[in-house]
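Heads up: the structure comes next, in structure tokens.
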Amino acid sequence: MPQDSLNPPEIRFQISQHLQKRDLTQCIRVYGGLDGANQLCLIARCPHLKCLIWHSTAPGGLDISRPFAEKVAAGTWQNLESLDLDIVDMKDNEMATILTSMPRQLRSLVCSSFKFGPLSLQSLERHFETLAELYARQIESSILRDRYTGYLNIGLA
1 MPQDSLNPPE
11 IRFQISQHLQ
21 KRDLTQCIRV
31 YGGLDGANQL
41 CLIARCPHLK
51 CLIWHSTAPG
61 GLDISRPFAE
71 KVAAGTWQNL
81 ESLDLDIVDM
91 KDNEMATILT
101 SMPRQLRSLV
111 CSSFKFGPLS
121 LQSLERHFET
131 LAELYARQIE
141 SSILRDRYTG
151 YLNIGLA
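Taking the UniProt record's numbering, the leading residue of the sequence shown gets 1, the next gets one more, and so forth.
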């Protein structure tokens, strides 16, 4: 793996160790700079996150949506209540796993490029009581738009 002279692995490791030990981070934004597996490793070191903004631009088509869904299902982030995901090629069943496995109900969900399918839509319903914001560009059915708009501040492109 090519080394970035401004962000060597030992510095990334020290930063992530500090985040885990001190638990200063309740909201983290990850946009790139690392490959997908290292991004997920860094995020997993912050178990007390309340807010996660992850726009992964994983090089080489690395599939990180399944490992992320597995970490959510394993209870890695017990306090997560706000999720902004833009993960390439996330599947309906993976989003359903994430939404079903969340120990807390979400207050905010942003999925810029994810196309909701039947499984993820069904899993989303358990969050309606607490979900105050939903931004989903790929909810296409007017019936779904009408149904969700009554519950949520929904952004549809």
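Each residue gets a CB set at the ideal place from its N, CA and C atoms; glycine is no exception.
Assigned exposure category for residue i - 16 Cβ within 10 Å defines buried
i, result
"residue 130", "exposed"
"residue 37", "exposed"
"residue 27", "exposed"
"residue 136", "buried"
Contacting residues, own chain, Cβ-Cβ under 7 Å from residue i (five flanking each side not counted)
i, result
"residue 103", "75, 78"
"residue 80", "49, 50, 52, 102, 104"
"residue 117", "92"
"residue 69", "94, 97, 98"
Cβ pair residue i, residue j closer than 8 Å
i, j, result
"residue 94", "residue 65", "yes"
"residue 100", "residue 82", "no"
"residue 86", "residue 56", "yes"
"residue 67", "residue 42", "no"
"residue 89", "residue 63", "yes"
Cβ neighbours of residue i in the same chain (closer than 6 Å, five flanking residues each side left out)
i, result
"residue 53", "29, 84"
"residue 96", "119, 120, 123"
"residue 73", "97, 101"
Residues of its chain near residue i, where Cβ-Cβ distance is below 8 Å and the 5 sequence neighbours each way are ignored
i, result
"residue 127", "99, 102, 105, 106, 109"
What ranges does the alpha helix (DSSP H) occupy inside the segment 34 to 91, keeping only unbroken runs of at least 4 residues that lie completely in it?
36 to 44, 65 to 73
To test your reading of the DSSP string, which unbroken beta strand (DSSP E) runs of 3 or more residues are found completely within the segment 108 to 139?
108 to 111, 133 to 136
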